[in-house]
Structures are given as structure tokens and as C-alpha cells.
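A.B. asks:
Residue numbers (full-length UniProt numbering): 1 to 131.
(1) Go through its chain and collect everything with a Cβ distance to residue 125's Cβ below 6 Å, but skip five positions before and after it.
(2) Which residues bound the beta strand (DSSP E) around residue 115?
(3) Could you say if the region 25-34 and the region 46-65 meet the contact criterion of at least three C-beta pairs nearer than 8 Å?
(4) Would you please state the rounded distance, in angstroms, between the beta carbons of residue 92 and residue 36? I believe it to be under 8 Å.
(5) For residue 84, does the count of other Cβ atoms within 10 angstroms reach 16, so buried, or fall short, so exposed?
(6) Would you report the Cα separation of residue 43 and residue 81, rounded to the nearest angstrom?
(7) Could you say which of 119, 49 and 88 lies nearest to residue 76 if we only look at CA atoms?
(8) Below 8 Å on the Cβ atoms is my guess for residue 102 versus residue 46; work out the distance and round it to an integer in Å.
(9) Tell me which same chain residues have a C-beta within less than 7 Å of the C-beta of residue 78, skipping the five on either side of it?
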């Protein structure tokens with residue numbers, strides 16, 4: 001019994017847990033631009049889809065993690081996704097992950113983008129799409 005417990009415990013320790021800046025499964029890339037001096041993240045969506053969760057991180061101590069199950073936010077194609085007053089600072093690299101779903105019973109689509117913010121605007125580093 002003790003040996004079986006040790007093997008199971010080791011499997012969990014070796015697999016690790018997801019955290020800030022960990023890559024999530026990505027279905028599609030997101031895009032990022034500057035609109036009205038604000039970070040604007042867009043994703044290709046279909047009518048009736050909503051944001052299920054958001055993660056934005058600079059890989060340090062500035063992390064945003066939101067699950068929107070109780071008050072989902074609907075999205076439209078080309079519309080900026082909410083960043084919830086996230087404090088983007090110049091000369092840092094950010095990763096944003098959005099889970100978008102059509103209903104609670106369907107699998108979410110995952111969108112990601114990596115970018116830096118500087119005095120001249122935004123530089124998109126990678127859409128982080130699995131190729």
C-alpha cells in the first residue's frame with residue numbers, strides 16, 4: 001500500500017501544476033494592438049460566444065486570473081476583449097489567455113497572444129498558436 005501511494009504521489013509531483021506564464025492548450029491565436037492608447041486584444045469569434053476565463057501575466061507578480069462562470073461577457077468579432085483594468089507597464093512581456101465558449105456544455109476555444117508594451121505602442125511577439 002505504501003509503495004502504491006509513493007508512486008501516485010511522485011506522478012503528481014512530476015506533472016506539476018499550471019501557473020502564470022505556463023502555456024495552455026491553444027486552438028487559435030489572438031491579436032493585440034493599441035486602440036485609443038489602450039491595449040486591445042481581439043479574437044475571431046462567432047455570434048453568441050462569451051468569455052469563460054481570462055489570464056493575463058507579465059511572468060512576475062502582476063497576474064490577473066478571472067473565471068466568469070456566473071457573469072459571462074459576450075464578445076463580438078473585432079471587438080476589444082476586456083482586460084479588467086490590468087496595469088500594463090512599458091518594457092515588459094505579457095501573455096494573455098482567453099477561453100471563449102458558445103455554451104456551458106461545449107468545449108471552450110483557447111486563444112493566446114504574447115506581446116510587449118513600449119512607448120511606441122505594442123509589439124506582438126507570438127500568437128502562441130500550436131502549429
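Don't be surprised by glycine CBs; every beta carbon is placed ideally from N, CA and C.
C.D. replies: Let's see:
(1) 114 and 115
(2) Counting along the chain, residue 115 sits inside the beta strand (DSSP E) bounded by residues 109-118.
(3) no
(4) Between residue 36 and residue 92 the Cβ distance is about 21 Å, and since that is not below 8 Å, they are no contact.
(5) exposed
(6) 8 Å
(7) 49
(8) With a beta-carbon spacing of about 7 Å, residue 102 and residue 46 fall inside the 8 Å limit used to define contacts.
(9) 42
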